[in-house]
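*Asks:*
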Amino acid sequence: MLKKRIIIIAAHYYQEITDMLVEGAKNYCVENDIEYLNYSVPGALEIPTAIKILNNRIKEETSILSGFVAIGCVIRGETSHYDIVSNESARGLTDLSLEHDIIVGNGILTVENKNQALERSTDKINKGYEAAHACRVLIDLKN
Numbered sequence: 041m042l043k044k045r046i047i048i049i050a051a052h053y054y055q056e057i058t059d060m061l062v063e064g065a066k067n068y069c070v071e072n073d074i075e076y077l078n079y080s081v082p083g084a085l086e087i088p089t090a091i092k093i094l095n096n097r098i099k100e101e102t103s104i105l106s107g108f109v110a111i112g113c114v115i116r117g118e119t120s121h122y123d124i125v126s127n128e129s130a131r132g133l134t135d136l137s138l139e140h141d142i143i144v145g146n147g148i149l150t151v152e153n154k155n156q157a158l159e160r161s162t163d164k165i166n167k168g169y170e171a172a173h174a175c176r177v178l179i180d181l182k183n
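Here the sequence shown stands for residues 41 to 183, where the numbers follow the numbering used here.
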């Protein structure tokens with residue numbers, strides 16, 4: 041059986057929230073003896089591109105079966121920017137999964153306000169932890 045590795049890509053916009061989500065993903069990895077790497081990008085729209093770049097870089101490694109966890113936070117504002125960022129980042133992750141056979145757990149929060157984001161990034165409910173779990177399940181299916 042191949043060793044598992046999860047690569048966490050976090051957008052550092054709303055860093056207070058994304059730091060807690062990353063911590064949740066790391067905790068899941070530690071609890072399940074999964075190696076992890078952590079990378080940072082400016083915003084949620086850059087996450088799909090970063091995943092594709094890193095996936096191409098590690099393709100040659102045959103001893104480790106990797107998946108990615110996308111971490112970010114998009115909070116609705118007064119403009120249509122929220123819709124663009126939330127829809128396009130989700131579409132980018134789905135395209136990577138379906139068209140390029142890349143395993144991705146989606147931990148990008150799309151919320152109405154900061155309180156909703158904080159509620160989803162605590163120790164009790166942590167969407168980063170849940171995204172790492174989803175990624176691991178998909179790695180197991182592929183393995």
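Think of the CB as a built atom: it goes at the ideal place given N, C-alpha and C, for glycine as much as any other residue.
Around the C-beta of L149, are 16 or more other C-beta atoms found within 10 angstroms, so that it is buried, or is it exposed?
*Replies:* buried
*Asks:* Is any beta-carbon of chain C found at less than 8 angstroms from that of D135?
*Replies:* Given the protein chain composition of this structure (a single chain), no chain C is represented.
*Asks:* Exposed or buried, I93, counting other C-beta atoms within 10 Å across all chains shown (16 or more means buried)?
*Replies:* exposed
*Asks:* According to DSSP, C69 sits in a beta bridge with which residue or residues?
*Replies:* C69 pairs with nothing; no bridge assigned.
*Asks:* Let's see if you can read the secondary structure: which residues bound the alpha helix (DSSP H) around K182?
*Replies:* From DSSP, the alpha helix (DSSP H) with K182 extends over K167 to K182.
*Asks:* For R176, which residues of its own chain have a beta-carbon under 6 angstroms away from its beta-carbon, when the five flanking residues on both sides are left out?
*Replies:* none
*Asks:* If contact is defined by three or more beta carbon pairs under 8 angstroms, each pair taking one atom from either stretch, is the region 52-72 in contact with the region 129-137?
*Replies:* no
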